[in-house]
Amino acid sequence: MATFQASLRTLSTSGVGLAELVASVNRYACSNSMGGGRFTTAFFAEVDPATGDVAYINAGHNVPILRKKLGAVERLEAGGIPIGIFTESPYQVGTTRLEAGDWLVIFTDGVVEAENAKYDEYGEPALIRLVDRESGAAPAELLRSLLADLDRHVGNTPQHDDITCLLLKRS
412 MATFQASLRT LSTSGVGLAE LVASVNRYAC SNSMGGGRFT TAFFAEVDPA TGDVAYINAG
472 HNVPILRKKL GAVERLEAGG IPIGIFTESP YQVGTTRLEA GDWLVIFTDG VVEAENAKYD
532 EYGEPALIRL VDRESGAAPA ELLRSLLADL DRHVGNTPQH DDITCLLLKR S
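Anchor point for the sequence shown: position 149 equals 560 in this note's numbering, and the numbering is continuous, going up by one each time.
Written out as structure tokens, the structure is:
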């Protein structure tokens, strides 16, 4: 992960577009991936704060959720396979737009696969219901609500994966 982050940090300052950035990160990762045995899922995005235009590439990551102000859900699926598997892997750039009141929810599998003592996963439907219920909140408030809801769901059950969520709301 440190190598991935370092290469991303270095390449992101080169001024190339999103597609070339991801292709370059992938080529570098493949040169250190032990024949594709070490790979990374990632979600890359560029957001224009003036217009809300979003260009993105989903490299095998959990599909982020764009929850529109009026409740519709858009899945940000365009992209390709995880970084580090195949040197010449093609990556498709997807586009969308964040309007005022829209939420972009990017999360790791540890969020939706968090299990309780009965081995029931938290799941994407619960995540979407929470975002619907708390759509008027600020990002920090929604994150607190999500973590509290996850805690209620898992109770004292130890988790075996990271629980990471990035929330972006356009005002």
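We put the CB at the ideal spot given by N, CA and C, even for glycine. In this text, all values refer to a predicted model and were calculated from it rather than measured experimentally.
Endpoints, alpha helix (DSSP H) assigned at residue i
i: residue 538; result: 535-544
i: residue 467; result: Element bounds for residue 467: not the alpha helix (DSSP H) but the beta strand (DSSP E), 464-470.
i: residue 505; result: Here residue 505 belongs to no alpha helix (DSSP H); instead the beta strand (DSSP E) covers 505-508.
i: residue 523; result: 520-523
i: residue 554; result: 550-565
Expected contact under 8 angstroms - CB spacing of residue i and residue j to nearest Å
i: residue 455; j: residue 496; result: In fact, because the Cβ distance is near 16 angstroms, the residues do not count as touching under 8 angstroms.
i: residue 493; j: residue 470; result: 6 angstroms
i: residue 486; j: residue 546; result: Not really, about 17 angstroms apart at Cβ, beyond 8 angstroms.
i: residue 581; j: residue 520; result: That pair is no contact at about 26 angstroms.
i: residue 464; j: residue 424; result: With a Cβ gap of about 22 angstroms, residue 464 and residue 424 do not count as contacting.
Cβ pair residue i, residue j closer than 9 angstroms
i: residue 550; j: residue 578; result: yes
i: residue 473; j: residue 523; result: yes
i: residue 468; j: residue 433; result: yes
i: residue 566; j: residue 527; result: yes
i: residue 535; j: residue 476; result: yes
Of the listed residues the options, nearest to residue i (C-alpha basis)
i: residue 499; options: 536, 441, 560, 420; result: 441
i: residue 484; options: 436, 558, 538, 424; result: 538
Residue range of the beta strand (DSSP E) that includes residue i
i: residue 449; result: Where residue 449 is concerned, there is no enclosing beta strand (DSSP E), given that its DSSP letter is neither H nor E.
i: residue 365; result: Outside the modelled stretch of the chain, which goes from 412 to 582, sits residue 365, for which no answer is possible.
i: residue 478; result: 476-478
Cβ neighbours of residue i in the same chain (closer than 8 angstroms, five flanking residues each side left out)
i: residue 438; result: 498
i: residue 561; result: 522, 525, 533, 574
i: residue 620; result: Residue 620 lies beyond the range of the chain shown here (412 to 582); nothing can be said about it.
i: residue 576; result: 516, 517, 518, 519, 522, 554, 557
Cβ-based neighbour list, residue i, same chain, cut-off 7 angstroms, excluding 5 preceding and 5 following
i: residue 482; result: 543
6 angstroms Cβ shell around residue i - same chain, five flanking residues per side excluded
i: residue 457; result: 429, 466
i: residue 556; result: 545
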